[in-house]
Amino acid sequence: MQKLEHKELVDLLRQMLLMRRFEEKCAEMYALGKIGGFLHLYIGQEAVATGAISVLRPDDYVIASYREHGHALAKGSDPRKVMAELFGRADGLCKGKGGSMHLFDKTHHFLGGHAIVAGQIPIGTGAAFASQYEGKDQVTLCFFGDAAVNQGVFHEALNLAALWHLPIVYICENNRYGMGTAVARATSVKDLYRRAEAYGMPGEAVDGMDVLAVRECVGLAVERARRERIPSFIEAKTYRFRGHSMADPGTYRTKEEVEQEKQRDPLLLFRNHLMAEAVVKESDWKALEKEVRATVEEAVRYADASPEPPVEWLHTDVYVSER
Amino acid sequence: MAIITYREALNQALREEMRRDPRVFLMGEEVGLYQGAYKVSQGLLEEFGPKRIIDTPISEAGFTGVGIGAAMVGLRPIVEMMTFNFALVAVDQIVNQAAKILYMSGGQYNVPMVIRGPGGPAHQLAAQHSQSMESYFYHVPGLKIVRPGTPKDAKGLLKSAIRDDDPVIFIESELLYGTKGEVPDGEYTIPLGVADIKREGRDVTIVAYSTMLLLALQAAEELEKEGIFAEVVDPRTLRPLDTELIIGSIKKTNRAVVMESGAGFGGIGTVIGEIISEQAFDYLDAPVERVTGANAPTPYAKNLERAKVPSKERVVAAVKKVLAI
């Protein structure tokens, strides 16, 4: 893969920083009661969505699970509309009807956050099927967690994708816990990428804390999908720094383990790398922080100012004719 | 007008819609090379090729999900369930995904797909292959449900279902595939949500669809010999339901018998009966009577299977009950 330009490197850093600060603000807003329901934070995993989605064209598709704030932002969704959606407001991405687990953004080809574990995997496969059917060279990235690989539809979808040569890259974000259950307690073969062998599909593991490694690995798989119609399965080894959701204190893992993993914070690793390489200076980082914080503050202001959806909307969007 | 079978009518609808719109494709087990387990897709592979008539592995949840994704980005998939009993394997995709995506996305993504195949008790197929599945799905906002009873309706409704922008559950019937009826020449469609009076009458309204429609018509014929004129109303589409036509008929006859082949407990008949009670209570001269399948799985033994499903005799008895004869 080509060496990245200065601007591209800074964009990656900005993207990860935006995800991080955006979600830290989400946690605050949740504590204040402005965000309700389930809130699954992506903190610690930012390098995966950032690196992977950075290789896509705007017309490529992305689909994800319920931990999808980062994917939506990386795909180009307006942070203000994402925040308004989390606030359950009329100007949210989905008019306040989806919430944290169901962000959809058609203008950016984001096929949504889906809250049934693995439920989105065949749907993403269907988007790739459509590209194939229409002879287009779009690629679909389908994100899911480590727990999803034990669902039947994971197997069904990968079998179909390999059988039909669909342009899709499956990205398993192995953050080591399916809710509170460690991978080793749930999955018979711990190296999840090896599952790809069962479908005759390229399978690879990548350091999910290294945004450039993810970018490179996914970049190759996307090209393979686009040019040769070969689907791939990538296991990004990562870690979530927070609990499964805001309701989860995460007592199933030790403080030591979490602290140790935080040493590999993908955001700080990348920042330090760019500083060591003299791509960014301390002053650049401070400027980025300022810019991102302003974006997040503006998102909160926008969400706060947006009205609640009118009650009549309860019955709209059930059927197209009633849209 | 040509007289053709229900199976041929469905085949014509598929063929015409696929000719009309290149985004329409058919996907399912044995739909291609084998030409359909019940031969509904006979000849389609030959005309449209394997790109559009797609044999799948036995993988209902997987290929239903593929249909949903394809529909979200602009195609118009028809997913065949070899029998609708197998749709239970794909219920998460149908109920949690297909039915909800328009709503969850705030109207951004719609899912224009048809999920079709045969359902209902038939030919000693026993408990796992012999269920009326419409009640499982009619509870779910976001799904449309169609159950045609005649070749003409099957063709016109399937064409509308394929053109519809929402997910449509289209349940055919093994027992009806070989039945014949008049089908108009040339292009026609029948809108979803419009019921049909299959036989005019004045003394009682029998609401019946799919295979039950045939029983209702036989019962009506027999009742006529005794001077009782039953009106037979076929809802055709269960969701949206044409309550207006049903209620209009009740206002005329003042008596109602509602039929379904599925178990009566929590069934479609319960809902239609309730709607009649709510909206036409003042017009009713007797409580609504239901003739439904027994609240038991469908047995294998011929005599038990016969007892499980409604019979003409039970319809006649129900009519006499609401007429207090």
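Those protein sequences? They're chains B and V, same order as listed.
Each residue of the first sequence is one higher than the one before, counting from 1 in this note's numbering.
Each residue of the second sequence is one higher than the one before, counting from 1001 in this note's numbering.
We treat Cβ as the ideally placed atom computed from N, Cα and C, and that holds for glycine.
- Residue environment analysis places residue 283 of chain B among the exposed positions, since fewer than 16 neighbouring C-beta atoms fall within 10 angstroms of its C-beta.
- When 9 Å is used as the limit between beta carbons, residue 1079 of chain V is near no residue of chain B, the shortest such separation being about 10 Å.
- For residue 1231 of chain V, the uninterrupted beta strand (DSSP E) segment begins and ends at 1230-1234.
- Across the structure, residue 1249 of chain V and residue 1236 of chain V are spaced so that their CA atoms are roughly 15 Å apart.
- Annotation for residue 1286 of chain V: 1255, 1322 and 1324 place their beta carbon closer than 7 Å to its own, counting only its chain and skipping 5 residues before and after.
- For the 8 Å CB-CB criterion, residue 186 of chain B and residue 233 of chain B do not form a contact.
- DSSP places residue 125 of chain B in the uninterrupted alpha helix (DSSP H) bounded by 120-133.
- The beta-bridge partner set that DSSP reports for residue 1180 of chain V consists of V/1005.
- Among the residues of chain B, none has a CB under 8 Å from the CB of residue 1138 of chain V; the nearest is roughly 14 Å distant.
- The C-alpha of residue 92 of chain B lies about 25 Å from the C-alpha of residue 12 of chain B.
- Between residue 1118 of chain V and residue 1084 of chain V, the C-beta gap is smaller than 8 Å, which places the two residues in contact.
- Secondary structure in the stretch 1184-1209 of chain V: the beta strand (DSSP E) runs of 3 residues or longer, each lying completely within the stretch, are 1196-1199 and 1204-1207 in chain order.
- At a cut-off of 8 Å between C-beta atoms, residue 302 of chain B does not count as an interface residue with respect to chain V.
- According to the DSSP secondary-structure assignment, residue 1170 of chain V is paired through a beta bridge with V/1116 and V/1146.
- Taking a cut-off of 8 Å on C-beta distances, the stretch 62-78 of chain B does not touch the stretch 285-294 of chain B, as fewer than three cross pairs fall below it.
- The three-state secondary structure of residue 1092 of chain V, taken from DSSP, is helix.
- Sequence-distant Cβ neighbours of residue 49 of chain B in its own chain, meaning closer than 6 Å and more than five residues away, are 70, 71 and 74.
- By the 16-neighbour rule on beta-carbons within 10 angstroms, residue 140 of chain B is buried.
- Rounded to whole angstroms, the separation of the alpha carbons of residue 171 of chain B and residue 119 of chain B is 14 Å.
- Boundaries of the beta strand (DSSP E) harbouring residue 170 of chain B: 168-174, taken from the DSSP string.
- Put simply, the CB of residue 1145 of chain V is far from chain B, with every gap to its CB atoms at 8 Å or more.
- In this structure the stretch 1209-1229 of chain V touches the stretch 1306-1317 of chain V; the number of beta carbon pairs closer than 8 Å is three or more.
- Taking the Cα positions, residue 1160 of chain V is about 12 Å away from residue 1016 of chain V.
- Any Cβ of chain B closer than 8 Å to the Cβ of residue 1169 of chain V would place that residue at the interface, and such an atom is absent.
- Under the three-state reduction of DSSP, residue 321 of chain B is assigned to helix.
- Within the DSSP secondary-structure output, residue 1291 of chain V pairs in a beta bridge with V/1259.
- Taking 4 residues as the shortest admissible run, the stretch 1001-1070 of chain V contains the following complete alpha helix (DSSP H) segments, listed from N- to C-terminal end: 1006-1020 and 1044-1048.
- Taking 8 Å as the upper bound for CB-CB distance, residue 1269 of chain V and residue 1260 of chain V are in contact here, some 4 Å apart.
- Taking 8 Å as the cut-off, the Cβ atoms of residue 1155 of chain V and residue 1042 of chain V do not count as close.
- When the five nearest sequence neighbours on each side are left out, no beta carbon in the same chain lies closer than 7 Å to the beta carbon of residue 1105 of chain V.
- Taking 8 Å as the cut-off, the Cβ atoms of residue 1066 of chain V and residue 58 of chain B do not count as close.
- At least one CB atom of chain V sits nearer than 8 Å to the CB of residue 160 of chain B.
- When CB distances to chain B are screened at a threshold of 8 Å, the residues of the stretch 1061-1075 of chain V falling below it are 1061, 1062, 1063, 1064, 1065, 1066, 1067, 1068, 1069, 1070, 1071, 1072, 1073, 1074 and 1075, in chain order.
- Scanning chain V for C-beta atoms nearer than 9 Å to the C-beta of residue 94 of chain B yields 1103, 1104, 1105, 1106, 1107 and 1108, reported in chain order.
- Shortest Cα-Cα distance from residue 180 of chain B to any of B/7, B/34, B/250 and B/204 involves B/250.
- Residues of the stretch 125-140 of chain B whose Cβ lies closer than 7 Å to any Cβ of chain V, in chain order: 125, 126, 127, 129, 130 and 133.
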